[in-house]
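Numbered per the numbering used here, the sequence shown spans residues 1 to 201.
Even for Gly, the Cβ is constructed at its ideal location relative to N, Cα and C.
Report on the structure given below.
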Amino acid sequence: MGSTLRRVLVGFGIAMVVSIPLGILMGTLRSLESFFEPPVILGLTMPGLIWAVLMIMFFGLTETSAYAAVAVTIFPMLAISIWQGTKAIDKDLIDMSEVFHASAWSKVVDVILPQLVSHLLAAIRYGLGLAWKVVVVVEMFGFSNGVGYQVVRGFNVFSMKTVLAWAITFLVVMIIIEFGFIGWLERSVTRWRPRVEAWRR
């Protein structure tokens with residue numbers, strides 16, 4: 001499980017590091033939006049299984065292939081989420097920052113990123129879920145450790161208990177990540193927002 005978790009986090013981290021700045025640039029500069037939109041959209045349509053096979057063929061059965069498969073699979077989804085979120089930002093705040101001669105860094109950190117919180121959280125939530133699936137597929141192709149390897153090992157000896165045990169372990173880890181880490185992160189970064197409760201009938 002530790003090997004699988006490491007592959008998920010490293011691949012996801014690489015995708016986030018690339019997709020956040022690219023998504024912001026696509027949402028603010030029309031020329032970059034026109035240039036990157038077609039490949040990003042095309043990348044979104046590529047199944048994760050195909051990316052996994054291609055990365056294994058390119059890098060072999062190495063850790064790099066697992067990291068790359070996760071990164072290239074979830075990158076388009078993350079980039080599109082940040083891109084669309086940036087386009088939805090209140091332009092008046094951008095104009096106000098320009099009036100006060102804010103630097104480019106200040107605009108990103110103090111104006112753009114706070115308004116992208118909900119989009120970032122959604123990207124993290126869906127991206128991590130997809131990353132887990134891709135890593136398990138990669139590990140099934142011939143890795144000697146990880147959840148995918150254990151599932152294939154159980155399948156080869158027709159051990160239903162082994163397969164179900166790892167499936168349940170997988171679900172438990174996902175629940176911990178969703179309601180533990182992501183839930184805590186969401187509460188922390190949205191603490192400044194006023195709480196609005198809907199009327200109950």
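Start and end residues, alpha helix (DSSP H) containing residue i
i: M46; result: That residue, M46, is in no alpha helix (DSSP H); it is neither H nor E in DSSP.
i: D95; result: 91-99
i: T62; result: Segment: none, T62 is in no alpha helix (DSSP H) and carries neither H nor E.
i: G142; result: From DSSP, G142 is part of no alpha helix (DSSP H); its letter is neither H nor E.
i: A15; result: 2-28
Contact belief for residue i with residue j at Cβ below 8 Å, rounded distance in angstroms
i: I20; j: Y67; result: Contact flag wrong, Cβ pair sits at about 18 Å.
i: V173; j: A52; result: In fact, because the Cβ distance is near 20 Å, the residues do not count as touching under 8 Å.
i: V147; j: M1; result: 6 Å
i: V72; j: R7; result: Contact flag wrong, Cβ pair sits at about 14 Å.
i: K87; j: G27; result: 5 Å
i: G85; j: L116; result: 5 Å
i: L171; j: G48; result: Not quite, the Cβ-Cβ distance comes to about 19 Å (not below 8 Å), so this is no contact.
Would you call the segment 159-177 and the segment 93-100 touching, i.e. three or more CB-CB distances under 8 Å? no
Do the segment 51-58 and the segment 103-117 make contact, defined as three or more Cβ pairs closer than 8 Å? With the cut-off at 8 Å, the segment 51-58 and the segment 103-117 do not touch.
Okay, do the segment 115-128 and the segment 76-96 touch, 3+ Cβ pairs below 8 Å being the bar? yes
Would you list, in sequence order, the uninterrupted alpha helix (DSSP H) runs of no fewer than 4 residues that lie entirely inside the segment 147-196? 147-156, 160-176, 183-189
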